[in-house]
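Student: Residue numbers (our numbering): -6 to 211.
(1) Should residue 196 be labelled buried (16 or more other beta-carbon atoms within 10 Å of its own) or exposed?
(2) Suppose only complete runs of 4+ residues qualify. What are the alpha helix (DSSP H) ranges in the segment 44 to 83, listed by chain order?
(3) Under the assumption that residue 193 contacts residue 57 (Cβ atoms under 8 Å), give the Cβ distance between them as a whole number of angstroms.
(4) How about the segment 80 to 95 and the segment 129 to 146: do they share at least three Cβ pairs that are nearer than 8 Å?
(5) Taking the alpha helix (DSSP H) that residue 147 belongs to, which residues open and close that run?
(6) How many angstroms separate the CA atom of residue 163 from the CA atom of residue 210?
(7) Rounded to a whole number of angstroms, what is the C-alpha to C-alpha distance between residue 113 and residue 191?
(8) Given this structure, state the Cα-to-Cα distance separating residue 106 from residue 59, to the nearest angstrom.
(9) Taking the C-alpha atoms as reference points, what is the distance between residue 185 and residue 157?
(10) At which residue ranges does the segment 164 to 210 contain complete beta strand (DSSP E) runs of 3 or more residues, listed in the order of the chain?
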């Protein structure tokens, strides 16, 4: 009788273990299915972006710039609120950054990169990369920063005399920060990123740049 009871207990235990094993395998399978669905959705979204970038590069890059600029300035304003330097979101300032991103930064970046990548020169290899970075940071960057900062200050509600005063106070701090941050990013960009995706790479970096610039301009 004891042997029979032990056999029955062993059989029950084995069945429980088998049941747990099957349940675990089922859970793992469902989890894998969900992960595969998310991967497919992400790949589909990326494919749609690449297609839009091929068919309508200017519109796609401009809208992408606007969206990332939105998140950059929102992040900066949140930091200012946490530090007690700002009471709430300033929507005029947010709108200024977004409008600049869509209508100025996106189109200008598209045209500028097209110019840099099509410019004929005898330079090759890393000498060409350094040449591009020099043009980008010494010519394009200061003019771009003056334009962006002026527009943001103006749309945020400052008069032109106050805009010029604010620029005198903040421009060089922003420009020096720009020179510290962007050359290395552009070194990676010009070396490893395909030309059609270089503005997207810049926009991702610009997400953090917008945060830094917003804090300088605050």
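For glycine and all other residues, C-beta sits at the position ideal for the given N, C-alpha and C.
Tutor: The short version:
(1) Along the chain shown, read from residue 1 onward, the residue named residue 196 stands at position 203. Burial call: buried.
(2) 50 to 75
(3) To locate residue 193, count along the chain shown from 1; it is residue 200. To locate residue 57, count along the chain shown from 1; it is residue 64. About 6 Å separates the two Cβ atoms, so the contact holds.
(4) yes
(5) For the purposes of this step, residue 147 is identified with residue 154 of the chain shown, where counting begins at 1. From DSSP, the alpha helix (DSSP H) with residue 147 extends over 134 to 148.
(6) One-based indexing of the chain shown puts residue 163 at position 170. One-based indexing of the chain shown puts residue 210 at position 217. Those two C-alpha atoms are separated by around 6 Å.
(7) Here residue 113 refers to the residue found at position 120 of the chain shown. Here residue 191 refers to the residue found at position 198 of the chain shown. The alpha-carbon atoms of residue 113 and residue 191 are separated by roughly 19 Å.
(8) The residue labelled residue 106 in the question sits at position 113 within the chain shown. The residue labelled residue 59 in the question sits at position 66 within the chain shown. Distance between the alpha carbons of residue 106 and residue 59 is about 18 Å.
(9) Locating residue 185 in the chain shown gives position 192, counting from the first residue. Locating residue 157 in the chain shown gives position 164, counting from the first residue. About 39 Å.
(10) none
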